[in-house]
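Chemist:
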Amino acid sequence: KRASAVPAVQFYTTKEEKKEDAEVLSKWALSRNRRVNIENYQNRVLIDIREFYHDREGVEKKGRKGISLTPTQWYRLRTFMPKIDEKLAEKIKENEKRLNDSLDNKEDDVELEVTSASKENDEQTSESKPSEKEEKDDKKEEDDGFKPSL
Numbered sequence: 491k492r493a494s495a496v497p498a499v500q501f502y503t504t505k506e507e508k509k510e511d512a513e514v515l516s517k518w519a520l521s522r523n524r525r526v527n528i529e530n531y532q533n534r535v536l537i538d539i540r541e542f543y544h545d546r547e548g549v550e551k552k553g554r555k556g557i558s559l560t561p562t563q564w565y566r567l568r569t570f571m572p573k574i575d576e577k578l579a580e581k582i583k584e585n586e587k588r589l590n591d592s593l594d595n596k597e598d599d600v601e602l603e604v605t606s607a608s609k610e611n612d613e614q615t616s617e618s619k620p621s622e623k624e625e626k627d628d629k630k631e632e633d634d635g636f637k638p639s640l
C-alpha cells in the first residue's frame, strides 16, 4: 500500500493569507478616488499612486489601477518632469486651439444655418405672398363694380 504523502511545508496559500497590507507612512489625495501614498511593504519603501474604491460594507480598499514605484524609479521620473511639463503645455495649447477652431466653425455653421433658414423662409413667404402686380390686379377686380351688400 502506498501512503498519501502530505507535504510538511504548505507551498500554496489562500489569497487572504498571501495578502499583507502595506504600512502607509504618508498619503495625499489627488482626487476623490485617487491617492499618492508612501508605503512600507515587505521592508521596502514604495511610492504608490493608485485608485481606491469602497466595498459593500463601505470600507475603503485599493483598486487594481495604479503603480508602485521604488524611490529610485520615483527620482528618475522626477528628472523627466520639466520635459513632461513642456510637452503637456504644448498639447494643452494645441487642444485649446483645436477647440476654439471647432467652436468658430460651429458658430459659422450656425450662422449659415440661420442665414439659410431665413432665406428659405423669405422664399416661402415670397411664394405665399402675392407679387405687387397680383395685388394690383386683385384690387382692380374688387373695384370693377362688385361691392358686397351688407
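Following the working numbering, the numbering of the sequence shown begins with 491 at its first residue and continues without gaps.
The beta-carbon is built from N, C-alpha and C at its ideal position, and this holds for glycine as well.
Remember, predicted model here, so these are calculated numbers, not experimental data.
1) Any idea if R534 is buried or exposed, counting beta-carbon neighbours within 10 angstroms, 16 or more meaning buried?
2) Please state whether DSSP places E580 in a helix, a strand or coil.
3) Leaving out the 5 sequence neighbours to the left and right, which residues in its chain are closer than 7 Å to R525 when beta-carbon positions are compared?
4) Considering only the alpha carbon of each residue, which of N590, D538, K573 lies closest to R554?
5) Mind checking which residues open and close the beta strand (DSSP E) that includes L536?
6) Could you work out which residue in T569, D545, K596, T560 is closest to I652 when comparing CA atoms only?
7) For G556, tell me which candidate among N595, N523, D594 has the shortest Cα-Cα distance.
8) For Q500, count neighbouring C-beta atoms within 10 Å of its own C-beta (all shown protein chains included) and say buried if the count is 16 or more, exposed if not.
9) Looking only at its own chain, which residues have a Cβ that is under 7 Å from the Cβ of N530, when we skip the five neighbours before and after it?
10) Rounded to whole angstroms, how far is the Cβ of D545 from the Cβ of K551, which I believe are closer than 8 Å?
11) So for L567, helix, strand or coil by DSSP?
Modeler: Inspection of the coordinates gives the following:
1) exposed
2) helix
3) K517, W518, A519, R540, F542
4) D538
5) 534-544
6) The first residue shown for the chain is 491 and the last is 640, placing residue 652 beyond what the model contains.
7) N523
8) The pLDDT assigned to Q500 is 44, lower than 50, so where the model puts this residue is not dependable, and the model offers no usable value.
9) A512, E513, L515
10) 6 Å
11) helix
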